[in-house]
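In my numbering, the protein residues as written are 160 to 513.
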């Protein structure tokens, strides 16, 4: 068997780039390029005219594994053992970063077999399988109903749901979703700007949130957990993405769980286990923005730096009775736009630096 044939067989059977370039965890991009070029000299079609077809296949595989190796170096996962590895019917997911622990689940960053980045939400307890199932149900409704809608980018992309068994044999569900690159949660924004963001910046964040909620309500759904951790913003293009649909219900149903650290964000009807409505999400959206602008959510008090017109709109959304507060997120959206035009003039794209 020729060196070329041997290389082709081994590279075709390989499962990771380390099988071609070595498992050195301290490998640098410079050294990776050296190893790549050395292998390239062995298999390049120009250097193997008698086995040109084999050489072309080997060249293609070498390039594929090199590209994956570069991505693993960028993510600092090269040569490391995975922290999580899941094989589903359609895909294989591998992650190397420690998870972020949420209220219901551990959230892992991972890559699929095509090196696309995803997040995997794995429940802490099987008893909450109904909540992770609710997320799948709601996002699939969004996928079907808003596939061609220009506001579809305000929502996450669901990939699949997988079933896992723990060491005791208990089955728990996990959701795989696309990673939203270049984003920060409003909780990140709040930590970065503890005294509050500029009201003109808070305005576009509020508008993205309201647009997403308005579409949600048109589909007959209540998000049920409109919290700083659940709105992602992307400063590059000012998109806002409403995530974590585990708490979502149909309008008129009761929200099944809350996030304890954010208890004061929830309106009275949620804490009293009464039916949720569009006004429920509007309340939580206003509470989120009140605090992003530097206000005191526990007292329902806007920051002094919040313009009076904006403060009045937020407070109208925080009325305790759900029947007296705004019922339509589009209506709040339009009112906010009108206020911003008076305060800031014609809309312009504002750079926002995290």
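Note that CB positions come from ideal geometry on N, CA and C, so glycine has one too.
Span separating the alpha-carbon of residue i from that of residue j
| i | j | result |
| --- | --- | --- |
| residue 295 | residue 166 | 43 Å |
| residue 374 | residue 293 | 18 Å |
| residue 184 | residue 237 | 6 Å |
| residue 231 | residue 437 | 43 Å |
| residue 468 | residue 490 | 15 Å |
| residue 381 | residue 201 | 60 Å |
| residue 203 | residue 197 | 10 Å |
| residue 458 | residue 384 | 19 Å |
| residue 505 | residue 427 | 37 Å |
| residue 472 | residue 246 | 49 Å |
| residue 274 | residue 213 | 25 Å |
| residue 270 | residue 480 | 45 Å |
| residue 401 | residue 492 | 16 Å |
| residue 351 | residue 390 | 15 Å |
| residue 429 | residue 288 | 21 Å |
| residue 494 | residue 509 | 21 Å |
| residue 302 | residue 317 | 8 Å |
| residue 261 | residue 422 | 15 Å |
| residue 186 | residue 193 | 11 Å |
| residue 511 | residue 354 | 16 Å |
| residue 475 | residue 307 | 33 Å |
| residue 444 | residue 263 | 21 Å |
| residue 414 | residue 190 | 54 Å |
CB contact below 8 Å: residue i versus chain B
| i | result |
| --- | --- |
| residue 280 | Any reference to chain B falls outside this structure, which holds one protein chain only. |
Neighbourhood of residue i by C-beta, 6 Å cutoff - its chain only, sequence neighbours within 5 removed
| i | result |
| --- | --- |
| residue 210 | 163 |
| residue 256 | 268 |
| residue 388 | 344, 346 |
| residue 258 | 265, 266, 267 |
Expected contact under 8 Å - CB spacing of residue i and residue j to nearest Å
| i | j | result |
| --- | --- | --- |
| residue 297 | residue 418 | Not quite, the Cβ-Cβ distance comes to about 17 Å (not below 8 Å), so this is no contact. |
| residue 398 | residue 433 | With a Cβ gap of about 33 Å, residue 398 and residue 433 do not count as contacting. |
| residue 488 | residue 313 | So it is not a contact: roughly 12 Å between Cβ atoms. |
| residue 336 | residue 277 | 6 Å |
| residue 207 | residue 319 | At roughly 41 Å, the Cβ-Cβ gap does not stay under 8 Å, so residue 207 and residue 319 are not in contact. |
Residue i, enclosing beta strand (DSSP E) - first and last residue
| i | result |
| --- | --- |
| residue 267 | 264-270 |
| residue 324 | 317-324 |
| residue 280 | 276-282 |
| residue 393 | 390-393 |
Three-state class that DSSP yields for residue i in the structure shown
| i | result |
| --- | --- |
| residue 403 | coil |
| residue 253 | strand |
| residue 307 | coil |
| residue 333 | strand |
| residue 244 | strand |
| residue 440 | helix |
| residue 343 | strand |
| residue 186 | coil |
| residue 236 | coil |
| residue 161 | coil |
| residue 260 | strand |
| residue 338 | coil |
| residue 174 | coil |
| residue 537 | Residue 537 falls outside the range modelled here, since the chain spans only 160 to 513, and no answer is possible. |
| residue 327 | coil |
| residue 415 | coil |
| residue 207 | coil |
| residue 521 | Because the chain is modelled from 160 through 513, residue 521 falls outside the range shown and cannot be assessed. |
| residue 386 | coil |
| residue 507 | coil |
| residue 460 | strand |
Cβ shell of residue i (< 7 Å), same chain only, five flanking positions each side left out
| i | result |
| --- | --- |
| residue 416 | 290, 406 |
| residue 499 | 362 |
| residue 465 | 358, 452, 454 |
| residue 329 | 285 |
| residue 173 | 179, 224 |
| residue 341 | 393, 395 |
| residue 449 | 456, 461, 473 |
| residue 241 | 253, 254, 255 |
| residue 325 | 331 |
| residue 272 | 250, 251 |
Cβ neighbours of residue i in the same chain (closer than 8 Å, five flanking residues each side left out)
| i | result |
| --- | --- |
| residue 199 | 218, 221 |
| residue 176 | 224, 225, 227, 228, 231, 237 |
| residue 486 | 436, 437, 438, 441 |
| residue 300 | 378, 380 |
| residue 310 | 370, 371, 374 |
| residue 348 | 356, 364, 387, 392, 451, 513 |
Unbroken alpha helix (DSSP H) run spanning residue i, endpoints
| i | result |
| --- | --- |
| residue 372 | 358-377 |
| residue 429 | 427-430 |
| residue 467 | 467-475 |
| residue 222 | 211-233 |
| residue 502 | 488-503 |
heavy atom of the ligand SAM below 7 Å from residue i C-beta
| i | result |
| --- | --- |
| residue 443 | Among the components of this structure there are no ligands whatsoever, and the ligand SAM is therefore not found. |
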